[in-house]
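Down below is the structure, laid out as structure tokens.
Residue numbers (the numbering used here): 846 to 1206.
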């Protein structure tokens, strides 16, 4: 029997008399370890089992220089582990694994920009997914250059597929009124609407908001997706909604059992509240877009809108304010031009000699 085995690993002989290693730990699935004790592959497999993770792609079974190899090394890199959120890594991993399922055995060096462009064309029915995959591939090929697997990044020469629509529906004022009529002030649903609409934050941030985050009339938000820290003034309507439904909890929104919502759980719960109001086309994220639309219709600059939403670029804001009412914006534009023309005319008249001005020129 092998001595000095790490914790949770035992050796036994199977029915054929062959020595086998087994990982057994309470609360974890029992697994056989297939690599020799002390080898790099053994320690990789052991640590993965100890941490409750699947063995990463690209281990000793991956062909050198293949996408299996590249993705496996990327998962073990400092770049990967420096991604701050486990939830973000989980989403990224899903994208890479779907790509790896088709192209894992392919040599990285043989992938061309034309190949990637064709892949984007195949995803024309799901343009958002295509754009996300392209972004991940650009990161992956950058790492391939670092490893010496490539000298260029073919993904950077490819444009993402064009989006057919505008993503989540932006709530209209009629949608908001319908929800408020079905869910009056004092209900949990109304508080949820107010938090989403008057902070312009994602559901992942709204579910964590609570009284402990409020100071000097502002609510502190550390965005889960970006890590950005925001201090958002509390809108009077939101203040009224909070006051109308004190929770006595660390989170404003809690389940029927008094526990904070999970992100997915809140999404499902709010979906049902929308359905009750006859708003099957509406979602929680659409309220973030509605808040952006409202600010755009008030004539606020992109810089001011970004100070609330936490967006970084003007192009991100543009996607969210695309639904701004054209009539309202056009009225504002024409009123501004008319005021400017009147001001210019008054300035010209003021510069004329008094007699000329009195005679009308």
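Even for Gly, the Cβ is constructed at its ideal location relative to N, Cα and C.
Proximity of the region 1100-1110 to the region 1015-1022 falls short of the contact definition, fewer than three beta-carbon pairs being nearer than 8 Å. Less than 8 Å divides the Cβ of residue 999 from the Cβ of residue 961. Short of 8 Å from the beta carbon of residue 859, and not among the five residues preceding or following it, lie these beta carbons of its own chain, in chain order: 865.
With 16 or more neighbouring CB atoms inside 10 Å of its own CB, residue 1003 falls in the buried class.
Of the candidates 1027, 1180, 935 and 1093, the residue whose Cα lies closest to the Cα of residue 1144 is 1180. Going by beta carbons, residue 1054 and residue 988 fall outside the 8 Å limit. The C-beta separation of residue 1089 from residue 1031 comes to about 4 Å, placing the pair in contact by the 8 Å criterion. Around the CB of residue 861, fewer than 16 other CB atoms lie within 10 Å, so the residue is classed as exposed. The closest CA to that of residue 895, considering only 918, 920, 851 and 1052, is found on 851. The DSSP-derived three-state label of residue 928 is coil. In the DSSP assignment, residue 1023 falls within the unbroken alpha helix (DSSP H) covering 1018-1027.
The beta carbon of residue 1045 sits closer than 7 Å to those of 1133, 1136, 1137, 1153 and 1154, all from its chain and outside the five residues before and after it, given in chain order. Residue state for residue 877 is assigned as strand, using DSSP reduced to three classes. Just so you know, the alpha carbons of residue 1121 and residue 973 end up roughly 29 Å apart. Per DSSP, the unbroken beta strand (DSSP E) holding residue 864 starts and ends at 864-868. The C-beta of residue 1151 has 16 or more other C-beta atoms within 10 Å across all chains shown, which makes the residue buried. Our two residues, residue 1050 and residue 1167, have alpha carbons roughly 23 Å apart in a direct line.
The DSSP assignment places complete alpha helix (DSSP H) segments of no fewer than 4 residues inside the region 1064-1119 at 1081-1089, in order along the chain. In this structure, DSSP gives residue 1059 an extended state, which the three-state scheme calls strand. Between residue 978 and residue 940 the beta-carbon gap is near 6 Å, inside 8 Å, which marks them as a contact. Where residue 1154 is concerned, the enclosing alpha helix (DSSP H) starts and stops at 1147-1154. The C-beta distance from residue 1106 to residue 1059 rounds to 19 Å, too long to fall under 8 Å, and the pair is not in contact. Taking a 10 Å sphere around the C-beta of residue 1140, we find 16 or more other C-beta atoms and assign the residue as buried. Shown here, residue 952 sits in a strand according to DSSP, grouped into three states. For the pair residue 1083 and residue 1040, the CB atoms are nearer than the 8 Å cut-off. Restricting attention to 1076, 1117, 1020 and 997, the CA atom closest to the CA of residue 957 is found in 997. Membership of residue 973 in the alpha helix (DSSP H) is indicated by the continuous run 972-992.
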